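Shown next, in structure tokens, is the structure this report addresses.
2 protein chains.
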Amino acid sequence: MTRGELAKRTGCNIETVRYYEKIGLPPDPPRTQKGYRVYDRHHEQTLRFIMRARELGFTIEDVRGLLSLVDGGNYTCGEIRDKTLAHLKAVRERIADLQRLEQTLSKTVADCAGGDAPQCPVVDALIKEA
Amino acid sequence: MTRGELAKRTGCNIETVRYYEKIGLPPDPPRTQKGYRVYDRHHEQTLRFIMRARELGFTIEDVRGLLSLVDGGNYTCGEIRDKTLAHLKAVRERIADLQRLEQTLSKTVADCAGGDAPQCPVVDALIKEA
DNA sequence: CTTGAGCCTGTACCTACTACAGGCGTTAAA
DNA sequence: TTTAACGCCTGTAGTAGGTACAGGCTCAAG
Chain A
0 MTRGELAKRT GCNIETVRYY EKIGLPPDPP RTQKGYRVYD RHHEQTLRFI MRARELGFTI
60 EDVRGLLSLV DGGNYTCGEI RDKTLAHLKA VRERIADLQR LEQTLSKTVA DCAGGDAPQC
120 PVVDALIKEA
Chain B
0 MTRGELAKRT GCNIETVRYY EKIGLPPDPP RTQKGYRVYD RHHEQTLRFI MRARELGFTI
60 EDVRGLLSLV DGGNYTCGEI RDKTLAHLKA VRERIADLQR LEQTLSKTVA DCAGGDAPQC
120 PVVDALIKEA
């Protein structure tokens, strides 16, 4: 199948397919005599793997690591679990950061009088003369 | 004060000071005859404002809007509150996204046997033959 | 007068894509 | 058979929000 067909079947942006190839994520597809890429089921499966891993928030480098384990065929559950737990830890830290942020923002904005008042606690918090 | 001194006083990266100037966030500082930037208290205050707004997760464009309101001097609490609430909404959506992610990841990894097992539910979820 | 620090500019790099320009190739209708 | 429209090819630029480095001046201390 062509790059466009692959993109359509997977829902991946057609340019992103080329991008992944450029950074060496999926195996390079063979080409026709005129240089057109030709994909098969295995390429499609690999692309779906990449897309799902990205949806789960794994970085490109994480995905590269997962792919090399899985494509190598000799991964263990322990290895994958370690990578997943490391990623999960990062996600939880990011959530905690954002929750602190959310608290700060909502507490500050709760004091807003609103309307045409020329004073604003949000601005005060931002200026906060040292 | 010089750019280095400003950076040191505020804790801002020295290159970031120049970056903010380049994108037109703070007012351009005057220069010495030899081209050195000269900052005063007002520049420092503006930079701190930018840094605090960034810490609160406002985008650069948000900060630009806040600065123009605040530097203009004729902002109202209502205007600022609207911008803050819009930002807060974005933060909450991001948190919700990450929490869904966290749920998916932690549920999946919970089924891992670990160790040398050649099967892994995380990999299964990623491959998930359509 | 020299040496080292600090400033200047421009530019490249980072993540993870996305989009576009200009040029071929392919395919379907007229 | 021709031609129009679409799809693919490549390279490059742009996004956010910085960070870093190279090469060249300038400045202050000893």
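Respectively, the protein sequence lines represent chains A and B. Sequential numbering from 0 applies to the first sequence in numbering that gives the first Met the number 0. Sequential numbering from 0 applies to the second sequence in numbering that gives the first Met the number 0. The beta-carbon is built from N, C-alpha and C at its ideal position, and this holds for glycine as well. Computed from a predicted model, the values in this text were never measured in an experiment.
Check: Pull up the distance between the alpha-carbon of residue 111 of chain A and that of residue 81 of chain B, whole angstroms please.; Outcome: 10 Å
Check: Looking at the C-beta of residue 11 of chain B, does it have a partner C-beta in chain A at a distance below 8 Å?; Outcome: no
Check: Take the Cβ of residue 6 of chain B as the centre, count every other Cβ of all protein chains shown within 10 Å, and call the residue buried at 16 or more, exposed below.; Outcome: buried
Check: Taking CB distances under 8 Å as the criterion, tell me whether residue 130 of chain B reaches chain A.; Outcome: Here chain B comprises residues numbered 0 to 129, so residue 130 of chain B is not present and cannot be evaluated.
Check: With which residues is residue 30 of chain A paired in a DSSP beta bridge?; Outcome: A:36
Check: Please report the residue range of the alpha helix (DSSP H) in which residue 76 of chain A lies.; Outcome: 76-109
Check: Between residue 52 of chain A and residue 76 of chain A, what straight-line distance do the alpha-carbon atoms span, to the nearest angstrom?; Outcome: 16 Å
Check: For residue 118 of chain A, which three-state DSSP category applies?; Outcome: coil
Check: For the region 101-127 of chain A, which residues have a CB atom closer than 9 Å to at least one CB atom of chain B, in sequence order?; Outcome: 101, 103, 104, 105, 107, 108, 111, 112, 113, 114, 115, 116, 117, 118, 119, 120, 121, 122, 124, 125, 126, 127
Check: Take the Cβ of residue 19 of chain B as the centre, count every other Cβ of all protein chains shown within 10 Å, and call the residue buried at 16 or more, exposed below.; Outcome: buried
Check: Strictly under 8 Å for the Cβ-Cβ distance: is residue 97 of chain B near chain A by that measure?; Outcome: yes
Check: Where does residue 0 of chain B sit, in a helix, a strand or coil, going by DSSP?; Outcome: coil
Check: Against residue 91 of chain B, what residues of chain A qualify as contacts under a CB-to-CB distance less than 8 Å, listed in chain order?; Outcome: 101
Check: Any beta carbon from chain A within less than 8 Å of residue 1 of chain B's own beta carbon?; Outcome: no
Check: Three or more C-beta pairs closer than 8 Å, one from the region 83-96 of chain B and one from the region 97-112 of chain A: is that the case here?; Outcome: yes
Check: Is there at least one Cβ from chain B nearer than 8 Å to residue 64 of chain A's Cβ?; Outcome: no
Check: To the nearest angstrom, how far is the alpha carbon of residue 47 of chain A from that of residue 66 of chain A?; Outcome: 12 Å
Check: One question on the structure: do residue 121 of chain A and residue 108 of chain A come within less than 8 Å of each other, judged by their Cβ atoms?; Outcome: yes
Check: If residue 55 of chain B sits next to residue 105 of chain A, beta carbons under 8 Å apart, how far is it from one beta carbon to the other, in whole angstroms?; Outcome: Not confirmed; about 11 Å, so no contact.
Check: Which residues mark the beginning and the end of the alpha helix (DSSP H) in which residue 71 of chain A is found?; Outcome: 59-71
Check: Between the Cα of residue 71 of chain A and those of A:3, A:39, A:26, A:11, spot the shortest distance and give me the residue it belongs to.; Outcome: A:26
Check: My assumption, with CB atoms under 8 Å, is that residue 43 of chain A sits in contact with residue 8 of chain A. Please give the rounded CB distance.; Outcome: 6 Å
Check: So, at 7 Å on beta carbons, what are the nonlocal neighbours of residue 11 of chain B in its own chain, with the 5 sequence-adjacent residues on each side left out?; Outcome: 46, 50
Check: Determine the direct distance from the alpha carbon of residue 30 of chain A to that of residue 36 of chain A, and round the result to whole angstroms.; Outcome: 5 Å
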